[in-house]
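Each remark here refers to the structure printed beneath this line.
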Amino acid sequence: MPLRCAVACCRSGIHPTSPSLPDAVWITNAVLNRAIERFHHVHSIPCRRLSSCPGPIESRRRLGKRHMTAILPESRASPLPWTIDLPFNLGEWSWEAPNAPEDRHKKKLSRVEQLIRWVEGPLPQDDGSILAPTPTTPAKTISEAQEVLAEFGDALTGVNGVQTTATLNGICKPYKNRLLKLIRSREISLDDLELALDPFDWRIREKVSPQMIDCVHAWYMKDVVLAIHASRIVPSHDAYGKEFWERFFDRVIALTPQRPTFSLFQTLVIEGVQKINFKTVPDYYRRLFQANIQYQASHPNQDAVRAAEDHASLFSEVKFFRKGGLVVFCDELIESCLAIPGDDEYRKRIGYHLLQTLAYIGPLSKSTFGRFSSRINGEAQWTKTEAFILVRARLLSKAHNRRTVATYYHRSLNLRAGNHWYWLIKAALGDGASRQHQNLRTLTHSCNIVGNLDLLLSTAARMPHGGTLLRDMLIASRDPHVAVAAWATYNQGRERKAKWGWHIWLPYIRGLVEDPDVDVALIWEAVDLLPFKSIDKLPRAYHWEGIGDRMTLLERMGDWFMSRSGVTPRQRLRFIERCIAHGNVAEGPMSKRLMANLAKLVIRDLEEGSLGRTARLQYLIKMTELHLGPEEGEKVRHQLEGWRWVVVNQDFGAMPKTNFNLEEELDELSTEMSEYQVRQEIAGGGLRSEHDAQGFGGG
21 MPLRCAVACC RSGIHPTSPS LPDAVWITNA VLNRAIERFH HVHSIPCRRL SSCPGPIESR
81 RRLGKRHMTA ILPESRASPL PWTIDLPFNL GEWSWEAPNA PEDRHKKKLS RVEQLIRWVE
141 GPLPQDDGSI LAPTPTTPAK TISEAQEVLA EFGDALTGVN GVQTTATLNG ICKPYKNRLL
201 KLIRSREISL DDLELALDPF DWRIREKVSP QMIDCVHAWY MKDVVLAIHA SRIVPSHDAY
261 GKEFWERFFD RVIALTPQRP TFSLFQTLVI EGVQKINFKT VPDYYRRLFQ ANIQYQASHP
321 NQDAVRAAED HASLFSEVKF FRKGGLVVFC DELIESCLAI PGDDEYRKRI GYHLLQTLAY
381 IGPLSKSTFG RFSSRINGEA QWTKTEAFIL VRARLLSKAH NRRTVATYYH RSLNLRAGNH
441 WYWLIKAALG DGASRQHQNL RTLTHSCNIV GNLDLLLSTA ARMPHGGTLL RDMLIASRDP
501 HVAVAAWATY NQGRERKAKW GWHIWLPYIR GLVEDPDVDV ALIWEAVDLL PFKSIDKLPR
561 AYHWEGIGDR MTLLERMGDW FMSRSGVTPR QRLRFIERCI AHGNVAEGPM SKRLMANLAK
621 LVIRDLEEGS LGRTARLQYL IKMTELHLGP EEGEKVRHQL EGWRWVVVNQ DFGAMPKTNF
681 NLEEELDELS TEMSEYQVRQ EIAGGGLRSE HDAQGFGGG
C-alpha cells in the first residue's frame, strides 16, 4: 500500500499484512522508480504516480529498510473517504483529456535550457540492475513531418490548371511553412528532411512544366537552407553530415538552369556550407558555371546590363577558389565551354559570357587573364559595350570598395547616358590611397586586353585634374605602350607637346629604347631630361634597377641603344651624341661610359672602311677633350697614333687591293667542278673492279 495509506492504517489501529511473509519482495526505491518510468513509457497514460505497498513505518525502521519498499501480493490501499471506480490494470484506462491538444498550455523550454540539454547529450544508460521488461512490438508511429509531407502530396495531387509559378508557390506555402518551423526548432529527423527536400512527385510533374516545377523547387530549397542556417546554435555546427550536403548539391545541379537555381546555389554556398566542415568539390562550381554561361548565351536579345547584374550577383560573395588549383579549374572550364556545339553567333556569346565569368574571379592574375582572353577570343575585337562590361567586371573582382562606392558602380551601368566610363573611374578612385594605383592598373590592363583604352584615357583627360590622373595611370600601368598612349592623350590638341619628367618614365624607358617599333624621336619628345625642368636625383626608395639620377639613366640609355636591332651605325652615333649633349647640359662630370660607346662606334666605322679618315679621329679627340678634359683627350690621341703606327709599319697600306671579276670566278669554279667529277669516276671504277674480283659481282 502507499506510504500515506500505511500511515493512515497505523493511526487508525489497522495493521496491514506483515511484510515478512515469504511471498513479499523488498526492492530499493530507485529500482521502483525506474520500473515506474518504464511502465509509463510503454503504457502512455496521463497519470504520473503509481501506488506501491511500502509496509508500516515501524517495520521499515526496525528492519533497517527505510530505503526499500515491500511489494506484497494482493495488497490493497485503505479505502478513501470518497469512492473512485478505477480498473485494477492501469494500462487499460481510457482517459480523455479535458482540452484539445492545441488548446493546452504547455511549458516551453527556454533557449538556455535547450542549449544545456543539447550540450549534455542523452542520459546515460542504466546498468541493468533489474531485468528488462518483455520487449513488445510498438505500434508504428508517423512523425509530424511525415504527416505534413503526406498532406503536401495530397494538395499537389489535386492541382489542376496551374498557369504561373506564383500560383503553384501559393499552394505550397502553408505546408512549406510548417516544415520550415520543424527545421528551425530541430524537430525533424535526417530521413524526414531528405524526404522533405523533394516533395514534388511524378503526379504533379506530369501536370506542370519542368521549368515551373524547378523554379518553385529552387525557391523552396532556398528557404530550407535558410531554415537550417537559423536552426544552428553556432554557425559552425552541422547536424546532418557530409553525405547530406553532397546529395543537396547534386539536387541543385540537376535543376533547370535559371535565375532561381543560381540564387539557390549562392545561398547554399554562403549560408549552407561556408562555415561548416565541408569542402565543396570544384566540379560543382564548374558544372554550375557552365550551366550559367549556357543560360546567358541562350538569350541573344537579353540586355547586357541585366546579364552583368546576374553575373555580379552570382559571384559577388562566393569565395571558393584555392590558389593551387585555380588555373587547372579555369582550363577545364574553358575546354568544356569551347566544346559546346553551335553556330558562330552562339559560340561568340559563349566566349563572351565565359570571359565575363573569368573576369569575376578575383584571385586570377592579370597575366593569366590576358592569356585566357587571347585563348577565348583570339585576335577578334569585342564591341564597346562588351568591352566595358568586361572591364567593369574585372574592377569589381579586384577592388575592395564595392560596398562603399556601390552608387558609382550602379551608375556605371547606365550605358545610355554616355558617362559610364566617368563613373567607373570614380569608383576606382573611391578606394583608399594604397589601393587607387592597383585599381587604375586593373583598368588600364583590362582595357589594353579587351579594348577601349582610348575611351578610358580620353574620359580621364576630361575629368577634373585630368593631367594628374593620366600621369597616375602612366605610373600604375607598368606597360610602355599604355604609358605612351596616356602621354599622347594628354598632348592631344596641343601645338607644343609637353614633356613629363624622366623619373615618371623610368620603368618604361628601356622597353621604349629596345623596341624597334618605337620611333626614337618619341623618346626625346616625351621624356624631360633637362636639369632645370626635372629633379636630378631620386630618393633611394624610388631607384629602379640601380638608376637613381639623370646621368646614370643617360649612360644606360646609351647601352640599351647599342643593343637595339634594326638601326644603322650612323643612327647609333647620333643617339649617343644626343645622350652626351643632355649630359653636358647638367654641367656635371660626363659619364665615361657614354664616351666609351662613342669611341667604340668611331673605331668600328674606321675598321670597316679605309684608313684615311683623319676627320673622324680628330672628331673623337675633340669630343673627349670637350667632355672629359685635355688629359683624357691626349690619352686618346696617343692611343690612336699608336694604332696608326702599327697599321703603317705592318705595311697594310702597301698591299694590293682585291680585284674581283665575276666571269673569271665562274670559269674557275666550273673547271674545279669538272676535275672533281673526274676524280670521283676514277675512284668508283677502282672499287668496282675489286668488288668483281672477290666474286660478289653479278653475271
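Position in the sequence shown counted from 1, then plus 20, gives you the working numbering. Here a beta-carbon is modelled for each residue, glycine too, at the ideal position from N, C-alpha and C.
Rounded C-alpha distance that separates residue 500 from residue 238: Roughly 50 Å between the two C-alpha positions.
Per-residue burial, residue 615 [other beta carbons within 10 Å of its own, 16 or more giving buried]: Buried.
Local Cβ density within 10 Å of residue 510, reported as buried at 16 or more and exposed below that: Result: buried.
Residue 400, buried or exposed, once every other Cβ within 10 Å from all chains shown has been counted against 16: Exposed.
Rounded Cβ spacing between residue 463 and residue 411 (contact assumed at less than 8 Å): Contact between residue 463 and residue 411 holds, since their C-beta atoms are separated by about 6 Å, short of 8 Å.
Of the listed residues 333, 301, 693, nearest to residue 263 (C-alpha basis): Closest in C-alpha terms to residue 263, from the list 333, 301, 693, comes 301.
Per-residue DSSP class, three states only, for residue 569: Correct three-state label for residue 569: strand.
Pairwise C-alpha distance: residue 257 and residue 209: If you take the alpha carbons of residue 209 and residue 257, they lie about 16 Å apart.
Residue range of the alpha helix (DSSP H) that includes residue 45: Judged by DSSP secondary structure, residue 45 falls outside any alpha helix (DSSP H) and instead within the beta strand (DSSP E) spanning 45-48.
Local Cβ density within 10 Å of residue 330, reported as buried at 16 or more and exposed below that: For residue 330, the number of other beta carbons within 10 angstroms of its own is at least 16, and it is reported as buried.
Bridge partner(s) assigned by DSSP for residue 89: Beta-bridge pairing links residue 89 to 47.
Cβ contact (3+ pairs, closer than 8 Å) linking the segment 375-384 and the segment 434-446: Result no; under three Cβ-Cβ pairs closer than 8 Å.
CB contact flag (residue 275, residue 281, <7 Å): Contact: yes.
Sheet register partners of residue 521 (DSSP bridge): Secondary-structure assignment with DSSP links residue 521 through a beta bridge to 548.
Backbone secondary structure at residue 557 - three-state DSSP: Looking at residue 557 - three-state DSSP - the assignment turns out to be strand.
Residue 211 burial status per 10 Å Cβ neighbour count (16 or more: buried): It is exposed - the Cβ of residue 211 has fewer than 16 other Cβ atoms within 10 Å.
Residues near residue 245 by beta carbon distance below 6 Å, same chain, minus five either side: Listed in chain order, the non-local C-beta contacts of residue 245 below 6 Å within the same chain comprise 287, 288, 291, 292, local neighbours out to five positions each way being set aside.
Anticipated Cβ contact below 8 Å, residue 472 with residue 408, distance rounded: Sure, about 6 Å apart at Cβ, within 8 Å.
First through last residue of the alpha helix (DSSP H) which encompasses residue 426: Unbroken alpha helix (DSSP H) run through residue 426: 426-431.
Validate contact between the segment 173-181 and the segment 223-243 using beta carbons, cut 8 Å, 3 pairs: By the criterion of at least three beta-carbon pairs nearer than 8 Å, the segment 173-181 is in contact with the segment 223-243.
Three or more C-beta pairs below 8 Å linking the segment 124-139 and the segment 166-175: No, the segment 124-139 is not in contact with the segment 166-175.
Cβ neighbour criterion (16 or more within 10 Å) applied to residue 546: The Cβ neighbour count for residue 546, taken over all protein chains shown within 10 Å, is at least 16; the residue is labelled buried.
Simplified DSSP assignment, three categories, for residue 402: In the structure shown, residue 402 falls within a coil segment according to DSSP collapsed to helix, strand and coil.
As assigned by DSSP and simplified to three states, the class of residue 149: With a pLDDT of 44 at residue 149, under the threshold of 50, the modelled position of this residue cannot be trusted, and the question is left open.
Residue burial classification, residue 482 (beta-carbon count within 10 angstroms, cutoff 16): The C-beta of residue 482 has fewer than 16 other C-beta atoms within 10 Å across all chains shown, which makes the residue exposed.
Segment contact, 8 Å Cβ cut-off, at least three pairs: the segment 525-540 with the segment 577-584: Yes, since at least three Cβ pairs between the segment 525-540 and the segment 577-584 fall closer than 8 Å, the two stretches touch.
Given 8 Å, three or more beta-carbon pairs between the segment 248-257 and the segment 298-317: Of all C-beta pairs linking the segment 248-257 to the segment 298-317, fewer than three are shorter than 8 Å, placing the two stretches out of contact.
Exposed unless 16 or more other CB atoms sit within 10 angstroms - verdict on residue 565: An exposed status is given to residue 565, since fewer than 16 other beta-carbon atoms sit within 10 Å of its beta-carbon.
Residue 484 burial status per 10 Å Cβ neighbour count (16 or more: buried): Exposed.
Proximity winner among 479, 495, 646, 395, relative to residue 461 (alpha-carbon distances): Measuring C-alpha to C-alpha distances from residue 461 to each of 479, 495, 646, 395 identifies 495 as the nearest.
Start and end residues, alpha helix (DSSP H) containing residue 529: The continuous alpha helix (DSSP H) containing residue 529 extends over residues 529-534.
Whether residue 251 touches residue 279 by CB criterion (7 Å): Contact: no.
Buried versus exposed call for residue 376 [16 or more other C-beta atoms within 10 Å across all chains shown]: Buried: at least 16 other Cβ atoms inside 10 Å.
Residue nearest to residue 517 in terms of C-alpha spacing, selected from 526, 523, 544: Ranked by Cα distance from residue 517, the options 526, 523, 544 are led by 544.
Residue burial classification, residue 507 (beta-carbon count within 10 angstroms, cutoff 16): The C-beta of residue 507 has 16 or more other C-beta atoms within 10 Å across all chains shown, which makes the residue buried.
Alpha carbon of residue 578 to alpha carbon of residue 595, nearest angstrom: Each residue's alpha carbon lies about 7 Å from the other.
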